[in-house]
Structure formats: C-alpha cells, structure tokens
Amino acid sequence: MFKTKTKMAKQITKPYGEVQNQSINIISEGTTIKGDISATGDIRIDGELVGNIEAKGRLVIGPMGKIEGEIKCNNIEVSGSIKGKITVPEMLNMKSSAKIEGEIIAGKLSVEPGSVFNGTCTMGTAKPNNEKPKSK
145 MFKTKTKMAK
155 QITKPYGEVQ
165 NQSINIISEG
175 TTIKGDISAT
185 GDIRIDGELV
195 GNIEAKGRLV
205 IGPMGKIEGE
215 IKCNNIEVSG
225 SIKGKITVPE
235 MLNMKSSAKI
245 EGEIIAGKLS
255 VEPGSVFNGT
265 CTMGTAKPNN
275 EKPKSK
C-alpha cells in the first residue's frame with residue numbers, strides 16, 4: 145500500500161473570518177505581454193511587459209525582466225530594467241543590475257552600487273502640489 149502526502153496552499157485568516165490566498169504570479173523569461181496587469185498577490189516578472197501594472201503585494205523584476213509603463217505596488221525589488229513612473233508607498237530596492245529611467249515616488253529607497261537611475265525621485269510622504277501648508 146502506498147501513502148501520499150498532500151500539500152495545501154497556505155491561507156491567512158484575516159479578522160472576521162475572511163481568508164486571503166497567498167498567490168504569486170510569474171511572467172517567465174521569453175514571454176512578452178502588451179497590456180495592463182492588476183493583481184491582489186505578489187508578481188515576479190522575468191519576461192517583458194509593455195503596459196501598466198498594479199499589485200497590492202510585492203513586485204519582483206528579475207535580471208532579464210523589462211517593464212515599460214506605470215507601476216503601482218507596495219514593495220518592489222528591481223534587478224532588471226524599468227522605463228516609466230513607479231509609485232511605491234513602502235520600499236523600492238534597486239539591485240546592482242537594476243536600470244530605471246523615469247519617475248520614482250517611494251517611501252524608502254535602497255540602492256546597491258552598480259545600479260543605474262535616470263530621472264526624478266521623491267521619498268517619504270509626498271504632499272500634493274495643491275495642498276496648502278498647515279498654519280500654527
């Protein structure tokens with residue numbers, strides 16, 4: 145008689161019994177996508193994306209990964225190349241092979257020696273241009 149073991153996906157229970165599945169979406173090397181991506185989980189891109197990406201989780205751009213478009217996510221680790229606007233309220237981590245051209249709006253920025261960035265960067269809590277300063 146053979147015995148088998150079954151592994152189930154890890155589930156996280158939120159308050160009030162709501163269950164959230166931990167999902168990772170992978171765009172493999174050799175794959176090109178033209179269009180927008182929206183995901184509630186994490187995303188790893190080793191291929192190419194021409195379009196915008198919005199993720200509620202973490203985004204990882206592998207060494208061969210390329211994105212041309214706007215990115216919005218909580219955390220991002222970049223080893224590949226990005227051309228466009230990046231909005232990350234938490235942490236943007238640029239590895240030594242990273243190449244970014246465009247605008248960065250990030251809560252925190254980590255840059256390894258060897259990475260390349262051309263553009264503008266705003267860190268911390270950025271206030272909208274039309275917001276008036278608070279008077280004391």
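Residue numbers (my numbering): 145 to 280. Don't be surprised by glycine CBs; every beta carbon is placed ideally from N, CA and C.
Query	Result
Nearest CA to the CA of G206: which residue from I197, K216 and I220?	I220
By how many angstroms is the C-alpha of S259 removed from the C-alpha of E214?	20 Å
Cβ of G209 within 8 Å of Cβ of G191?	yes
Give the range of the beta strand (DSSP E) segment to which C265 is assigned.	V260 to M267
Can you tell me whether S182 is helix, strand or coil according to DSSP?	strand
Buried or exposed: G268, going by 16 or more other Cβ atoms within 10 Å of its Cβ?	exposed
Mark G224 as exposed unless 16 or more other C-beta atoms lie within 10 angstroms of its C-beta, in which case mark it buried.	buried
I'd like the list of long-range same chain contacts for G263, defined as Cβ closer than 8 Å, with 5 residues on each side in sequence excluded.	I244, E245, G246, E247 and I248
Which partner residues does E234 have in the DSSP bridge list?	None; E234 has no bridge partner.
Please classify I168 as buried or exposed, where buried requires at least 16 neighbouring CB atoms within 10 angstroms.	exposed
Any idea what DSSP makes of E173, helix, strand or coil?	coil
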